[in-house]
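**Student:** Mapping the sequence shown onto my numbering, position 273 (from 1) lands on 262, and the numbers just tick up by one.
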Amino acid sequence: MLMKTESEQQTGSQYPESNTFSKQDGVVRKSLVVGCGAYLPENIVTNDDLAQRIDTSDAWIRKRTGIRQRHIAADGELTSDLAAAACKPALESAGVDPEEVDLIVLATSTPDNTFPATATRVQAMLGITRAAAFDVQAVCSGFVYALSVADNMVRLGQANTALVVGAEVFSRILDWEDRGTCVLFGDGAGALVLKSGISEAGANGRGILSTHLFADGTHYDSLYVDGGPGTTGQAGFLRMAGQEVYRHAVHNMAEAVEIALEANELNLPDIDLLVPHQANIRIIESIGRRLSVDSDKVVATVGSQANTSAATIPLALTHAVENGRVKSGDLIAMTALGGGFTWGSSLIRW
Ligand code: UT7
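#1: What does DSSP give as the partner residue(s) for Asn296 in the beta ladder?
#2: What's the call for Phe132, buried or exposed, on a 16-neighbour Cβ count within 10 Å?
#3: Is Trp332 helix, strand or coil when you go by DSSP?
#4: For Gly1, which residues from the same chain have a beta carbon less than 6 Å from its beta carbon, with the 5 sequence-adjacent residues on both sides left out?
#5: If Glu157 and Ser298 are in contact, beta carbons under 8 Å, what's the gap, nearest whole angstrom?
#6: Tell me the rounded alpha-carbon separation between Ser69 and Phe159.
#7: The beta strand (DSSP E) that contains Thr324, what's its start and end?
#8: Excluding the 5 residues flanking Thr150 on each side, which residues of the same chain have their C-beta closer than 8 Å to its C-beta?
#9: Report the residue from Leu257, Tyr213 and Ala192 whose alpha carbon sits nearest the alpha carbon of Gly231.
#10: Helix or strand or just coil, what does DSSP make of Phe203?
#11: For Thr290, which of helix, strand or coil comes out of DSSP?
#12: Thinking just about the alpha-carbon of each residue, which of Ala108, Ala63, Thr99 and Thr207 is nearest to the one in Phe123?
#13: Decide if Trp332 is buried, meaning its Cβ has at least 16 other Cβ atoms within 10 Å, or exposed.
#14: The beta strand (DSSP E) spanning Tyr213 covers which residue range?
#15: Nearer than 6 Å: is that true of the beta carbon of Ala121 relative to any heavy atom of ligand 1?
#16: Can you grab the Cα-Cα spacing for the pair Ala96 / Tyr235, in whole Å?
#17: Looking at Gly327: is its Cβ nearer than 7 Å to the Cβ of Cys171?
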């Protein structure tokens, strides 16, 4: 016979007590961000390193993308290794014991294997024995998608303590002969710890205020891998129509932030920190200009980390937190666009 946990005995369910608070009380259950962490592989590859192998130059890469270098995973270093290495400092900074975690949502397009979910291997590596664990695949928007899923589960009372992770080894799906793509990406992982908490209703209360998700599959062929663990029967490489992606990235990411602000009855000047997906400094600056956000309020890590797909947002946010750029009460706007196209945004009151 299965033994019931203390929480189950209290609620009669495997899930924590559901949301019994409403706006009428002036308070609501929200997901509070209580910790964050990041991991980048040791091995750094500079633009000059690449220029020795393919027909490119440091000057071209910097001018067109802002990228100076990228971290590349060591042989045998997997997405799960990077993810677990990011989760450990995230849990430490949150003061959360791994056993408290009851949900792991991991965003990746480079899972260790077709199945099981990489999240389950991360769970085992962290010594977590009772939690729901699964992967979310929305390419570079994956972290915003994963955050949305976790936030909804926490607010519904289906989880109390969640790890939301973005982790990638894009170096394994790059065509290292294709200078149009291989110079753009890197490997890395970042994680946030969410905890269920009671917060002031509305946009002034701490926690995740909203997530907005979008997709338009008519752009499937603009950014894809031509094989892999799908049903095409061949190993594949990343293929991208760069300018097509660029155009949609600026428009859709900026619009997703505007939609989020409107939904929360907030305005552009309310943004304290903009954390956009890190693909190209020109895209990041264009979004900042369109949203009239001063450059000192825009986080840019693409220069030293390149595009780590689903990992860029938690990596950038952790970088900002560690550098003292985030203070209690700040409004943080996050936005991403990736293959599919998928895109989305999230607002957090820190
Ligand atoms: O995370 C998912 C989202 N991804 C993105 O947001 C990426 C969006 N796209 C971009 O960031 C840009 O389109 C790129 C950085 C990929 C390309 O920049 P671009 O200004 O659009 O350059 P382009 O593709 O128009 O290429 C210009 C020239 C071409 O040569 P020609 O035809 O003018 O002679 C390319 O062959 O630059 C050449 N080129 C390069 N030259 C040196 C392309 N890649 C390289 C390279 N080194 N690595």
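Quick reminder that beta carbons are idealized off the backbone N, C-alpha and C, glycines included.
**Tutor:** Once the coordinates are examined:
#1: Phe174
#2: buried
#3: strand
#4: With a pLDDT of only 40 at Gly1, under the threshold of 50, the placement of this residue in the model should not be trusted; the figure read from the coordinates follows. Closer than 6 Å at the Cβ level, and outside the excluded window around Gly1, lies no residue.
#5: 5 Å
#6: 13 Å
#7: Leu320 to Gly327
#8: Val85, Glu89, Val90, Asp91, Leu92, Val182, Leu183, Lys184 and Ser185
#9: Tyr213
#10: strand
#11: coil
#12: Ala108
#13: buried
#14: Leu212 to Val214
#15: no
#16: 22 Å
#17: no
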